[in-house]
Amino acid sequence: ANGGTLFLDEIGDMSLSAQAKVLRALQEHKISRVGGEKEIEVNVRVLAATNKDLLKEIEDGNFRMDLYHRLNVINIHVPHLTERTDDIPVIAQNFLESICNDYGMPVKKINEGGMAALQALPWTGNVRELHNMIERLIILSDKVITENDVRAFANPGGGTNIGAATSTQIAGASGGSGMSSSFDSFNNFQDYKDHAEKEFIKFKLEKNNWNVSKTADEIDIQRSHLYSKIEKFGLKRADTP
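Sequential numbering of the sequence shown, starting at 14, is according to this note's numbering.
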């Protein structure tokens, strides 16, 4: 990061010992690698973000006042997502493109009704929740994400809720062959996502009699990417010993 910009996310959650190290680095412009003894000079621009009230954290003894003043040169307040719903289409489209690219699949679309439904959600988890929601919609929806998709998949674990469907309705809408009837079995969103993705791929492979090329074309991903998913989830044909 020397000569560049260092972004410290959720600085309000940093331990006091880590805060002391950051403060020292900012004051002396020097760092040392983990396990190393040699000090390295650095010159960086630091951006820090938090969703906590740092002044209250200082009062509670959870954040250093000297580090606060060191960082608080320019303070930019970013309103909650529900206070800037006009930004949701732009942010959602950015997530849509980046996540689809990560999955190696064509970029899906969100129609007007789907976008309006996204803008109507409370977003208690702010932008991170929107990111997870878009990823969930990419996995479980068809090529065009609709208002019905948003309503069906808006509440997998108690976050967003817009006329939330029951677990059974969500399972049916996904097209999967073995979706759980309850979300209680999932510890976190990653577990839920892996389960849904596995069942979706398994269903499509069985539908196409395990023709990998045909299945890859149907779900719009590269064949090599599908092979890696099959290996990741340990999927096998029913007649394979």
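Beta carbons are placed, not taken as given, at the ideal position from N, Cα and C, and that holds for glycine.
None of these values were measured; they are calculated from a predicted model.
In three-state DSSP terms, what is residue i?
i      : result
LYS43  : strand
LYS34  : helix
PHE76  : coil
LEU29  : helix
ILE234 : coil
THR173 : Annotation note: pLDDT 49 at THR173 (below 50); position unreliable, coordinate value reported separately. Coil, per DSSP.
PHE246 : helix
SER193 : Residue placement at SER193 is flagged as unreliable, the pLDDT there being 37, under the threshold of 50; the coordinate-derived value follows with that caveat. Residue state, collapsed to three classes: coil.
THR179 : Legend: pLDDT at THR179 = 33, less than 50; position of this residue unreliable, no value from coordinates given.
SER241 : helix
Assuming residue i contacts residue j under a Cβ cut-off of 8 Å, what Cβ separation, rounded to an integer in Å, is found between them?
i      : j      : result
LEU150 : VAL163 : 7 Å
ILE104 : GLU148 : Actually they are not in contact, since the Cβ atoms of ILE104 and GLU148 sit about 13 Å apart, beyond 8 Å.
LEU39  : ARG83  : 5 Å
ALA209 : ILE152 : 6 Å
PHE202 : ASN145 : 5 Å
ALA129 : GLU160 : 7 Å
Between the Cα of residue i and those of the options, spot the shortest distance and give me the residue it belongs to.
i      : options                           : result
ASP26  : ARG77, VAL59, LEU248 and HIS42    : ARG77
GLU231 : ASN221, SER237 and TYR240         : ASN221
GLY127 : ALA62, PRO92 and VAL157           : VAL157
GLN106 : ILE87, ASN88, GLN132 and TYR81    : GLN132
LYS249 : ILE214, ALA229, GLU142 and SER226 : ILE214
ARG37  : ILE53, GLY48 and GLU23            : ILE53
THR63  : VAL55, TYR81, HIS208 and GLU72    : TYR81
LEU8   : PHE166, GLU142, ASP155 and ALA165 : Because the chain in this structure spans residues 14 to 254, residue 8 falls outside the shown range and cannot be described.
ASN56  : HIS42, LYS65, ASN200 and LYS227   : HIS42
ASP79  : PRO119, LYS121, VAL35 and PHE108  : VAL35
GLU70  : VAL225, MET118 and ILE24          : ILE24
ASN85  : GLY74, LYS217, ASP66 and LYS245   : ASP66
SER154 : PRO135, ILE87 and ASP233          : ASP233
SER237 : PHE216, ASP207, PHE20 and MET118  : MET118
What's the call for residue i, buried or exposed, on a 16-neighbour Cβ count within 10 Å?
i      : result
THR18  : exposed
GLY247 : exposed
GLU1   : With the chain covering 14 to 254 only, the question about residue 1 has no answer from this structure.
TYR205 : buried
VAL91  : exposed
LEU29  : exposed
ALA229 : buried
ALA31  : exposed
ILE89  : exposed
PHE166 : buried
Inset, instruction - Identify every run of the alpha helix (DSSP H) within the region 60-111, keeping only runs that are complete inside it and at least 4 residues long; order them along the chain. - result: DSSP runs (the alpha helix (DSSP H)) wholly in the region 60-111: 67-72 and 78-84.
Inset, instruction - Only counting runs of 4 or more residues, tell me where the alpha helix (DSSP H) segments fall wholly within the region 200-236, in order along the chain. - result: List check, alpha helix (DSSP H) in window: 202-220 and 225-231.
Legend entry - Contiguous alpha helix (DSSP H) assignments of at least 4 residues, all confined to the region 107-162: Runs of alpha helix (DSSP H) with 4 or more residues, each lying fully within the region 107-162, are found at 125-133 and 139-153, listed in chain order.
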